[in-house]
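Colleague: Have a look at the structure that comes next, please.
Laid out in structure tokens, this is it:
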């Protein structure tokens, strides 16, 4: 019990003193997840809006697939990305394995379907309300998508935050493709896994607290943002 | 706003609806409507709930495709028909941006260059009494104000034909009066108005001619005065007495 309390005390002291090791890991985690998120937002939002607006044969199947991909098992994504990036894999020549880029790629693959599927829902709701009016004004299919995305912006922030939350808290994929190399691919989740198994509970707990706070902040931000937007924009 | 419309050489009107029918899952909602709408008179489509009023508007405007029959623009500029008409709905669908930006959006979509938009937005706001609301978020305005923004956004496009689907259904009497005033102003500017209503008083206040629909069929097409004084069908007489419910 005393060990546990000591670990908590040390963890808080690391946080309060902005311990450089801890901060480096936190910063790297943010860099990786924000890069993955930027790419996922770009692709995911466009894809989600396209699927929401277009009617094409096989659309129902595409929807099922998209929703299923939301639940991709991270370790499987890690394994596949590993195989693709490994020396003998199709993209082995890039030399990305165990680098920053491999982490970004893995997280990107994990969260793009989430962003796409959730934004599809948001845009489709709007589409039902807007379709006749936009067609009457003469909005062509290509302009529909930015119009709908822009009008759904407040709810899409929540979608983006959900993607970010998933990316930064994920461990299975990044540990496989990144290898948890100090200063290179060691992010919060992989560090927690490593330090826990090595018995350095303080650093693991400190990082765990950061992750928890982050998750709280993301959710609070999402609900607060939504409420404010509702009041301001209607 | 400059009028298009009556008697001009490059017009999309008249509009012919030829034997127009619409079915959903075997149920015939509109049954062989044929009518010619000319430039000029304000046309009110009247009838009880479920008569097919909104459906007729949507087919004429091209939002729906008829099961049978055709919608034919007969004017010399018919090829441009899509761009020369627009519609305002029962519930105004405003974009999540300011009043002025909503009007600007319509101009942007129709390819009006940015340099011309500012002046046209300002004029539309002034013409519709919305100047004071220019920078307000459109979707938090009152229902009546929102409908006026929707009308301003339609009017700024200088349509030759403006379809209105129950534009005052959700409004209180004073907002209704303001919207009717605005509709008259748009008609005076030369736009052909084709609107639906189930409100007899409104039809009498606004209509130059009436199309009376009942259960998907066109029963009468007459000048407003004649329709209200001497309706020809039993259904129209019952409707005018307030005794025809569906």
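Chains as they are written, first to last, in my numbering: chain B, 143 to 376; chain W, 272 to 517.
Glycine residues also receive a C-beta, built at the ideal position from the N, C-alpha and C atoms.
None of these values were measured; they are calculated from a predicted model.
1) Apart from the five residues just before and just after residue 234/B, which ones in its own chain have a Cβ nearer than 6 Å to its Cβ?
2) Scan the stretch 358-382 of chain W for residues whose Cβ lies nearer than 7 Å to a Cβ of chain B and list them as they occur along the chain.
3) By Cβ distance, which residues of its chain are closer than 7 Å to residue 374/B, with the 5 residues on each side in sequence left out?
4) Would you call the stretch 324-337 of chain W and the stretch 281-293 of chain W in contact, with 3 or more CB pairs under 8 Å?
5) Return helix, strand or coil for residue 493/W, following the three-state DSSP convention.
6) For residue 297/B, I'd like the list of residues in its chain whose CB is within less than 6 Å of its CB, leaving aside the five on either flank, ordered along the chain.
7) Decide if the stretch 153-168 of chain B is in contact with the stretch 311-323 of chain B; the criterion is three or more beta carbon pairs, one per stretch, under 8 Å apart.
8) Give the range of the alpha helix (DSSP H) segment to which residue 150/B is assigned.
9) Is the distance from the Cβ of residue 410/W to the Cβ of residue 294/B below 8 Å?
10) Using CA atoms only, rank isn't needed, just tell me which of 340/B, 341/B, 329/B, 370/B is closest to residue 353/B.
11) Please classify residue 370/B as buried or exposed, where buried requires at least 16 neighbouring CB atoms within 10 angstroms.
12) Within the continuous alpha helix (DSSP H) that includes residue 469/W, where are the two ends?
13) Under 8 Å: do the stretch 332-340 of chain W and the stretch 390-398 of chain W share three or more Cβ pairs, one atom per stretch?
14) Classify residue 314/W: buried if its beta carbon has 16 or more other beta carbons within 10 angstroms, exposed otherwise.
15) Drop a sphere of 10 angstroms on the beta-carbon of residue 498/W, count the other beta-carbons inside from all chains shown, and report buried for 16 or more, exposed for fewer.
16) Which value, in whole angstroms, describes the spacing of the CA atoms of residue 321/W and residue 303/B?
17) Check the DSSP bridge columns for residue 304/W and list the partner residues they point to.
18) Exposed or buried, which one is residue 350/W when buried takes at least 16 other CB atoms within 10 Å?
19) If I'm right that residue 257/B touches residue 213/B with Cβ under 8 Å, what's the distance once you round it to whole angstroms?
20) Less than 8 Å between the beta carbons of residue 359/W and residue 422/W, yes or no?
21) For the alpha helix (DSSP H) containing residue 320/B, name the first residue and the last one.
22) Against chain W, does residue 300/B count as a neighbour if the rule is that its beta carbon must be under 8 Å from one of theirs?
23) Three or more C-beta pairs closer than 8 Å, one from the stretch 445-459 of chain W and one from the stretch 372-387 of chain W: is that the case here?
24) Using the Cβ count rule (16 or more neighbours within 10 Å means buried), how would you classify residue 505/W?
25) With a cut-off of 8 Å, does the C-beta of residue 277/W fall near any C-beta of chain B?
26) Count the CB pairs spanning the stretch 412-432 of chain W and the stretch 354-368 of chain W that are closer than 8 Å, and state whether there are at least three.
27) Quick one: what's got a C-beta closer than 8 Å to residue 243/B's C-beta in the same chain, skipping five residues either side?
28) Let me see if you follow: with CB-CB separation under 8 Å, is residue 274/B close to chain W or not?
29) With DSSP as the reference, label residue 260/B as helix, strand or coil.
30) Considering residue 436/W, what are the terminal residues of the beta strand (DSSP E) in which it resides?
31) Residue 218/W CB to nearest chain B CB: under 8 Å?
32) In terms of DSSP beta bridges, what is residue 484/W paired with?
33) Decide if residue 120/B is buried, meaning its Cβ has at least 16 other Cβ atoms within 10 Å, or exposed.
34) Of all the alpha helix (DSSP H) runs that stay within the bounds of the stretch 371-402 of chain W, which reach a length of 4 or more residues?
Modeller: With the given structure in hand:
1) The answer, listed in chain order, is 228.
2) Flagged, chain order: 358, 360, 364, 366, 367, 377, 380, 381.
3) Closer than 7 Å at Cβ, skipping near neighbours: no residue.
4) Yes, the stretch 324-337 of chain W touches the stretch 281-293 of chain W.
5) strand
6) In chain order, 264 place their CB closer than 6 Å to the CB of residue 297/B, counting only its own chain and leaving out the 5 sequence neighbours on each side.
7) no
8) 144-158
9) no
10) 329/B
11) exposed
12) No alpha helix (DSSP H) holds residue 469/W; DSSP gives it neither H nor E.
13) By the Cβ criterion, the stretch 332-340 of chain W is not in contact with the stretch 390-398 of chain W, since fewer than three pairs of Cβ atoms, one from each stretch, lie closer than 8 Å.
14) buried
15) So residue 498/W counts as buried.
16) 45 Å
17) 291/W
18) Of the residues assessed, residue 350/W falls on the exposed side of the cut-off, its CB having fewer than 16 other CB atoms within 10 angstroms.
19) No, residue 257/B and residue 213/B are not in contact; Cβ-Cβ is about 14 Å, not under 8 Å.
20) It is a contact, given that the beta carbons lie within the stated cut-off.
21) 314-320
22) By this cut-off, residue 300/B is not an interface position.
23) no
24) Around the Cβ of residue 505/W, a 10 Å sphere holds fewer than 16 other Cβ atoms; the residue is exposed.
25) Any reading at residue 277/W needs caution, since the residue's pLDDT is 48, under 50, leaving its predicted position unreliable; the model's value is listed next. Closer than 8 Å: no.
26) yes
27) Its chain contains 236 as the residues whose beta carbon lies nearer than 8 Å to that of residue 243/B, once the 5 sequence neighbours on both sides are disregarded; these appear in chain order.
28) At least one CB of chain W lies nearer than 8 Å to the CB of residue 274/B.
29) helix
30) 432-436
31) Any property of residue 218/W remains undetermined from this structure, which presents chain W solely from 272 to 517.
32) According to DSSP, residue 484/W bridges with 489/W.
33) Because chain B here runs from 143 to 376, residue 120/B falls outside it and cannot be looked at.
34) Complete alpha helix (DSSP H) runs here, min 4: 385-398.
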